[in-house]
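Step one of this worksheet: look at the structure below.
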Amino acid sequence: MGWLDRVPDQVDALRQARSLMMRSRSADACLVLDQVLETTNEPHARADALVQRLSAVLNLGRTAEYAAAVDQALECAREAGDPYILGHAHALAALAAHQQGALDRCVTHFVQSASYLGRVQDPDGDTAWGWHDLAMAYSYLSFHGYALGAIERARQLGTAAGLPEELFAAPGIRLRNAVALDHSGDSDGCLRVLRDIGVDLCRFLDADGGVRLRPSTVTAYGYAAARRGALGEEIDNRVDVFALLAAGGDGARARDLRQLGDVCVAIAAGRPIEALARLGTITISPQTLGAAEPERLRSLTFAVAGDHAAAHRADRHAFRLAAQRSDRLQTVYVDGIAAQIEREELRRTAAQYAGEALTDPLTGLPNRRQLERYVAAMVARGERAVIGVCDLDGFKAVNTEHGHHSGDLVLQRIAGVIHRVMRRGDFVARYGGDEFVVVLPGAGMAEAAEVARRIAVAVGAEDWHALVPGTPVGVSVGFAEVNGSGPALRDALGQAFEIADREMLRAKRRPRAAS
């Protein structure tokens with residue numbers, strides 16, 4: 060039994076929305092889905108409609124709606140409780156978080172999406188699309204290996220469900236891989252991938268004229284062909300680049316590819332003045348093919364014009380942009396993945412204590428009881444540590460202005476932020492309310508000061524306005540070193556906690572610099 064077989068209401072309308080999305084008519088799909096949401100309270104139907112609507116909003120690039128669309132889709136998906144709809148919602152939430160610049164949240168959504176989709180007991184065509192969207196999210200985040208693995212899983216499920224091969228050929232995923240190679244200086248590798256995309260396109264065109272290609276993928280095929288031309292290769296005469304670029308539907312990424320494709324065509328035709336003029340007037344989202352792509356095309360344009368010094372400067376700029384992205388991804392994801400692994404390990408530890416709830420259900424962090432067990436184990440091992448108390452600033456205003464549901468979302472995000480900036484092996488717990496406790500085994504006050512700085516910077520960098528407009532959120536942190544050993548260590552831990560709490564209150568009273 061597939062996913063839609065379990066949806067008892069509005070199935071025809073939901074299938075219609077799928078058909079519109081397949082034809083890259085996301086705006087029309089939104090109208091159908093809004094009508095579904097106005098006329099049903101059935102949890103499965105609402106969950107499906109909200110997940111599809113989130114996909115449409117992402118396709119259209121309506122960034123102002125991302126936060127609300129993600130929250131609504133995830134909330135209804137949790138209410139429905141089905142692993143497919145939860146996995147698909149988290150895949151789309153990862154895409155939204157990436158486009159909002161909240162890279163740390165992407166890690167959590169990646170892990171949860173893959174976990175839920177892997178639990179689907181009777182996968183069908185819808186599950187294939189869940190894996191497809193997870194592959195797209197991996198690809199936009201430059202996790203090309205994971206993207207290829209996920210799209211292969213989607214292809215296998217789609218084939219088993221009788222869906223055409225063209226639907227899961229995913230030229231956009233391979234296209235992003237190709238331009239990433241070119242940005243890092245491997246133009247030969249880029250051309251090899253682009254040629255493979257072209258081979259697939261010609262095979263589909265020869266089979267049935269490409270009638271089963273999705274409009275959004277048609278644009279990717281067109282850009283792959285145009286990009287080969289910009290790199291100096293002759294384009295297959297069976298490929299009408301202009302027709303491919305024009306067929307991409309109403310998506311924001313398709314619009315970006317069309318504009319960049321026109322630049323590539325001008326470069327391939329030896330018209331550098333036109334190419335530079337186009338580059339000077341277009342605005343391209345860095346999420347589409349990376350911030351380095353326009354600069355790389357500028358370099359190719361200068362090379363065609365014979366201005367090799369300018370081409371070299373543009374290439375260096377493109378390389379720096381690509382390197383900055385790589386460095387940022389490495390920093391955020393390595394830290395985020397380490398935090399996620401630590402969090403999962405703590406959850407597994409909690410599960411060993413049958414009959415006792417040791418995990419805070421809202422944040423997924425250890426609760427006060429597990430903190431006490433952890434401290435008791437430290438005492439038994441005779442370890443020393445630094446203890447910190449973290450308390451939110453402005454949290455009362457969040458609950459007053461936006462309600463407790465928004466307050467819960469703030470607490471969940473704060474939990475993720477604190478966990479992300481911890482060192483491996485550190486312990487984080489929700490102590491109660493808006494108060495969190497961290498334990499840094501084997502650390503001194505210098506390490507604690509650095510952790511406190513990282514917490515404050517990370518919290519300050521979050522886009523709280525998008526979540527709770529008009530109510531800024533901060534954090535006050537106090538640390539204290541545990542001074543004691545042997546039997547006296549338990550008392551020393553209690554004293555350190557009291558000192559850390561006083562330091563936190565002192566930090567809260569300090570004047571803050573104006574933002």
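Residue numbers (our numbering): 60 to 574.
All C-beta atoms in this analysis are idealised placements derived from N, C-alpha and C, irrespective of residue type, glycine included.
Cβ-Cβ distance between residue i and residue j below 9 Å
i	j	result
Ala104	Leu73	yes
Ala155	Ser172	no
Arg262	Leu226	no
Arg489	Leu552	no
Ala279	Ile256	yes
Gly339	Gly281	no
Arg357	Ala283	no
Trp188	Ala209	no
Inter-residue Cα distance where the pair is residue i and residue j
i	j	result
Leu145	Arg273	25 Å
Val70	Asn100	13 Å
Arg121	Ala306	21 Å
Val170	Met563	33 Å
Ala555	Ala381	46 Å
Gly447	Val497	5 Å
Val129	Met81	21 Å
Cys249	Ala239	8 Å
His371	Trp523	40 Å
Thr218	Val518	45 Å
Asp265	Leu222	19 Å
Arg375	Arg472	37 Å
Cys449	Gly160	25 Å
Arg317	Ile341	11 Å
His203	Thr276	17 Å
Glu415	Asn426	Since pLDDT at Glu415 reaches only 43, below the 50 mark, its modelled position is unreliable, and the value read off the structure follows with that caveat. For Glu415 and Asn426, the distance between alpha carbons rounds to 11 Å.
Leu162	Arg479	11 Å
Close-in-space but distant-in-sequence residues of the same chain around residue i (CB under 7 Å, 5 per side omitted)
i	result
Gly484	Pro500
Val95	Gln69, Ala72, Leu73, Ala104 and Ala108
Leu117	Leu151, Leu154 and Ala155
Ile558	Ala539
Val457	Ser465, Gly466, Val469, Val527, Thr530 and Val532
Ala76	Ala88, Val91, Leu92 and Gln111
Burial state of residue i (16 or more Cβ within 10 Å)
i	result
Pro353	buried
Pro67	exposed
Phe538	buried
Pro528	exposed
Met504	exposed
Thr186	buried
Gln383	exposed
Phe301	exposed
Glu293	exposed
Ser198	buried
Asp560	buried
Ala409	Reliability of the predicted coordinates at Ala409 is poor, the pLDDT of 45 falling under 50, and the value obtained from them is presented with this limitation in mind. Result: buried.
Spatial neighbours of residue i in its chain, beta-carbon cut-off 8 Å, leaving aside the 5 residues before and after
i	result
Leu119	Ser85, Ala86, Cys89, Asp309, Gly310 and Ala311
Arg565	Gly537
His168	His149, Ala150, Ala152, Ala153, Ala156 and Ala196
Leu79	Ser85, Asp87, Ala88 and Val91
Beta-carbon proximity list for residue i, same chain, < 6 Å, skipping 5 on both sides
i	result
Pro142	Tyr175, Arg178 and Val179
Ala148	Val110, Ala132, Leu133 and Ala136
Arg287	Leu253
Tyr412	Only weak support exists for where Tyr412 lies, its pLDDT of 44 falling under 50; the coordinates are left without a value.
Leu335	Thr360
Glu138	Pro102
Ala237	Cys249, Val252 and Leu253
Can you check the segment 490-540 for any beta strand (DSSP E) of at least 3 residues that lies completely inside it and give the ranges in chain order?
-> 494-500 and 533-540
Can you list the alpha helix (DSSP H) stretches of 4 or more residues lying completely in the segment 188-257, in chain order?
-> 203-219 and 230-242
Can you check the segment 141-172 for any alpha helix (DSSP H) of at least 4 residues that lies completely inside it and give the ranges in chain order?
-> 142-158
Which parts of the segment 298-349 are runs of the alpha helix (DSSP H), unbroken and 4 residues or longer, counting only runs that do not cross its ends?
-> 300-305, 311-327, 331-340 and 345-348
Complete runs of the alpha helix (DSSP H) confined to the segment 422-503 [at least 4 residues] | 427-440, 454-461 and 463-480
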